[in-house]
Structures are given as structure tokens and as C-alpha cells.
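Engineer: First the structure, which I've put down as C-alpha cells, then a few questions once you've had a look.
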Amino acid sequence: MNPLKLLKYAKFFSSSKFLRFASGIGKNVAFLRRACILFYCFKDPDTPKYVKAIIAGALGYLILPIDVISDRIPGLGWVDDAAVIALAFKVANRSIKPMHREQAQKLVPFGSEE
């Protein structure tokens, strides 16, 4: 998937929507800590605008209730979301700071970021 295709989902992202997602259904998602790292990277003023745009698209896709693969399908529902988060994580990797990882650890103390 081309990271620029994620930009169309940025309009579905907002900090409040993401935090609501993370505190609700998000606790059942294995890659939630990675998504939280991206969230804190997005909020960092040092993060380049093109990286923020990719992150906003990925997080927008994650919280969007309509996906390519429905989240309600057991075993497959979160595969597309995980792939989008992994792609955004790869794009944002150079902008991710240790403090983003620490903040995500506090918000999501379970699981891992890998």
C-alpha cells in the first residue's frame, strides 16, 4: 500500500476520537501500543508535516468503523488495520522519540510495541 493513500483517512482522525477508541475497543487490539506511539509522535511539534499526515491517515483508518475487512470478522478483522499501522510506523520511524514510547507505555501498559 502506498502511504500517500492513507491521507484520505486523515479527515476521520481527531485526538478525542483516538483516545476514545484506545480506552474502549482498542484494549482488545494487540498493536494498540504502536498506534499510541504514532499518536504521540503526531502530537509532537518536531514531527515533520508529511509524517503527521501519514499518521493522521493511519489513525483515521484505525478508528473508522468501516474498513476493507470488517473488524467484526474473528481472526481477520484487524489485519488491515494492523497493516496500515505498521506502514505508518515504518514511515514515522525516524521521527519517533523515546518519550513517545514512554508515553504510550503509560497509556497502554500491556502488550508490546513489536
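When we follow our numbering, the leftmost residue of the sequence shown carries the number 18, and every step to the right adds one. By construction, the Cβ of each residue, glycine as well, lies at the ideal position given by its N, Cα and C atoms. Here the structure is a predicted model, which means the values were calculated and not measured.
For D61, which residues from the same chain have a beta carbon less than 6 Å from its beta carbon, with the 5 sequence-adjacent residues on both sides left out?
Structural biologist: none
Engineer: To the nearest angstrom, how far is the alpha carbon of S32 from that of F56?
Structural biologist: 8 Å
Engineer: Is it buried or exposed for Y78, if we count other Cβ within 10 angstroms and need 16 for buried?
Structural biologist: buried
Engineer: By the three-class DSSP mapping on this structure, what secondary structure does D61 have?
Structural biologist: Of the three classes helix, strand and coil, the one that applies to D61 here is coil, per DSSP.
Engineer: Given a cut-off of 7 Å on the beta-carbon distance, is the pair Y26 and G94 in contact?
Structural biologist: no
Engineer: Around the C-beta of L76, are 16 or more other C-beta atoms found within 10 angstroms, so that it is buried, or is it exposed?
Structural biologist: buried
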